[in-house]
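Only one structure is covered here, and it is reproduced in the block below.
In UniProt numbering, the protein residues as written are 1 to 271.
This is the structure in C-alpha cells:
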C-alpha cells in the first residue's frame, strides 16, 4: 500500500467515525473499473473497516458477478432494471454465480433510474421471487434524462414526487431505499423532505452514507470529504497507470533505436 492509499484509509476512517459512512462503491458499468483497481480499492476499504459495493454492467452481467465474488464484495447493484423480466434475469444470474451459502452473505439491489422503471415498479414487486431483492437505488441523473429534464433538475419537485412514491411503495415490501446521482450538500433538504423512515442511505460517486445520522449536523462536510476521497482515488489510479506507461515508453524507445532499420530491411513494420 502506497502513501496516498494510506491517506485514503485515514480519510475513510474519519468519514466512518464522524459522518456515518458505511461503505464505498465501484462500478464495472459507467466507471469501467478494472479488476486490479477494484482489488486495490478493496484493500483500502478493508483497512478502514468498510464494505464494498459493486455496480455491475447489466441485469445478466455474469462475468462482472464472478469478479465481484472473487473480490469479496458485500453488495451488488444492477443498473437500468426497467421490467419484471429484467429483474427475473438478474435474480437468476445471482444464483448462477453464488452458491447458496455465499449468496446469503451478499445484498443484491437494483437501480431504478428511468421513467420506464418507475412506471413498472409495482409489477417488479409483484414478481415471484422479488422478496430476494434487498433494495433499490434511485438514480436521479438518469431519471431526469429519461424524463427529458437535465441534471440541474435532480432536486426538482417531479423527481421528489418519484422518490417519495417509489420509496413508500418499496418500504411496503421491506426494501432498503437509497438515493444516488448528483448528491451534494444541496441534496440534503431533498432527503429531509422524504417521509421519515423511507430512505436508508445516499451515495456519492464513491461513498455510501447511512441515515438518519448522515442528514444531521455536518452532513455537508461529510459530502465534501467524500469528494476529496474520490479525487485521491482518481489521482492514485492516474499514478498507477502512468508508471506502467513510463515502463512501456522506455522499452519502446530502446527497441526502436536498436531495431527500427533492421525491421524495415527485413520487410517488417513497427509504426
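Backbone N, C-alpha and C define an ideal beta-carbon position, used for all residues, glycine too.
Bear in mind that the values here come from a model prediction, so they are computed numbers and not experimental data.
Within 9 Å, strictly: CB atoms of residue i and residue j
{"i": "residue 21", "j": "residue 207", "result": "yes"}
{"i": "residue 109", "j": "residue 140", "result": "no"}
{"i": "residue 23", "j": "residue 52", "result": "yes"}
{"i": "residue 138", "j": "residue 182", "result": "no"}
{"i": "residue 37", "j": "residue 237", "result": "yes"}
{"i": "residue 143", "j": "residue 105", "result": "no"}
{"i": "residue 25", "j": "residue 48", "result": "no"}
{"i": "residue 15", "j": "residue 84", "result": "no"}
{"i": "residue 132", "j": "residue 166", "result": "no"}
{"i": "residue 67", "j": "residue 35", "result": "yes"}
Coarse secondary structure for residue i, derived from DSSP in three states
{"i": "residue 106", "result": "coil"}
{"i": "residue 55", "result": "strand"}
{"i": "residue 252", "result": "helix"}
{"i": "residue 241", "result": "helix"}
{"i": "residue 183", "result": "coil"}
{"i": "residue 140", "result": "helix"}
{"i": "residue 85", "result": "helix"}
{"i": "residue 26", "result": "strand"}
{"i": "residue 202", "result": "strand"}
{"i": "residue 34", "result": "coil"}
{"i": "residue 272", "result": "No answer is possible for residue 272: it lies beyond the span of the chain, which begins at 1 and ends at 271."}
Backbone CA spacing between residue i and residue j [nearest angstrom]
{"i": "residue 117", "j": "residue 243", "result": "43 Å"}
{"i": "residue 261", "j": "residue 247", "result": "23 Å"}
{"i": "residue 202", "j": "residue 210", "result": "7 Å"}
{"i": "residue 257", "j": "residue 249", "result": "12 Å"}
{"i": "residue 130", "j": "residue 230", "result": "33 Å"}
{"i": "residue 177", "j": "residue 184", "result": "18 Å"}
{"i": "residue 227", "j": "residue 220", "result": "11 Å"}
{"i": "residue 122", "j": "residue 189", "result": "27 Å"}
{"i": "residue 136", "j": "residue 232", "result": "28 Å"}
{"i": "residue 112", "j": "residue 87", "result": "11 Å"}
{"i": "residue 93", "j": "residue 146", "result": "26 Å"}
{"i": "residue 170", "j": "residue 240", "result": "41 Å"}
{"i": "residue 27", "j": "residue 11", "result": "20 Å"}
{"i": "residue 2", "j": "residue 157", "result": "45 Å"}
One or two residues paired with residue i in a DSSP bridge
{"i": "residue 176", "result": "135"}
### Message
Assess contact between the segment 140-150 and the segment 191-207, defined as three or more Cβ pairs (one per stretch) separated by less than 8 Å. Is contact present?
### Response
The segment 140-150, when compared against the segment 191-207, does not touch it at the 8 Å Cβ threshold.
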